[in-house]
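Residues in the sequence shown are numbered consecutively from 39, following the numbering used here.
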Amino acid sequence: MLTVNGTVTRDPQRPQELFSLQQRRQLLHNLGHGRFEDVTAQAGALFQQAEVGRGAAFGDIDNDGDTDIVVANDAGPVRLLINNVGNRNHWIGLRLTSGPLPGASNGSRRDMLGARVGITRSDGTTLWRRARSDGSYASANDPRVLAGLGAAAGAATVKVVWPDGRIEEFVNVAADRYTTLNEGSGR
């Protein structure tokens, strides 16, 4: 494909190519301190295929404490990328809810998007996260909060700043699983 002044045109060397905007996926490993390493070559055969990706949604599909990815392709198959690297450290998963939903007879609750969460680990350090589902084009991410705890295996204290500004604290929130925190049930 050729790009001139931002205009993408078909490559004259490959006029038969139906999807001329195909690209290979990239996988980057966060080394910390703002540095990343390209580990695409070790990511498997799917990362060697070129497709026209149009959106990616991130979340813990298999509830094992790591982030998995669903990739939507233009006129192509949806790809589910399960993170099978495994957990080497502890984690905490939180679903923040309020409710019940208006008119819902089954007690369904709504996710509290925009809530901020302070997770104080057993070593005293606090991690801050936000409940959100925004992200890639035409995609919605898992609204649950997922945070790595490192070697800290003990229960955590969680401070939630709800979207209306009210603050609640939840103590002894278990590690290595998902816990639902409902607005109004903390202290």
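A virtual CB, placed ideally from N, CA and C, is assigned to each residue, including glycine.
Listed in chain order, the non-local C-beta contacts of residue 77 below 8 Å within the same chain comprise 65, 66, 67, local neighbours out to five positions each way being set aside. Rounded to the nearest whole angstrom, the CA to CA distance from residue 83 to residue 73 is 25 Å. Counting only runs of at least 3 residues, the segment 146 to 200 fully encloses the following beta strand (DSSP E) elements, listed from N- to C-terminal order: 154 to 158, 164 to 168, 183 to 188, 194 to 199. Within the same chain, 216 come within 7 Å of residue 101 by CB-CB distance, once the 5 residues on both sides are set aside. For residue 80, the secondary structure class from DSSP, reduced to helix, strand or coil, is helix. One alpha carbon belongs to residue 85, the other to residue 121, and they sit about 13 Å apart.
Within the same chain, 104 come within 8 Å of residue 123 by CB-CB distance, once the 5 residues on both sides are set aside. Under the three-state reduction of DSSP output, residue 61 falls in the strand class.
Straight-line spacing of the CA atoms in residue 173 and residue 155 works out to 19 Å. Between residue 60 and residue 108, the CB-CB gap reaches or exceeds 7 Å. In the same chain as residue 193, and ignoring 5 residues on each side of it, the C-beta atoms closer than 8 Å to its own belong to 160, 209, 210, 211, 212, 213, in chain order. Per the C-alpha coordinates, the member of 131, 133, 99 positioned closest to residue 118 is 99. Nearest to residue 169 by alpha-carbon distance, out of 186, 150, 158, is 150. Taking C-beta separations shorter than 6 Å and ignoring five residues to either side along the sequence, the partners of residue 195 in its chain run 158, 209, following chain order. In this model, residue 166 and residue 224 are separated by some 18 Å (Cα to Cα). When the beta-carbon positions are compared, residue 152 and residue 201 come within less than 7 Å of each other.
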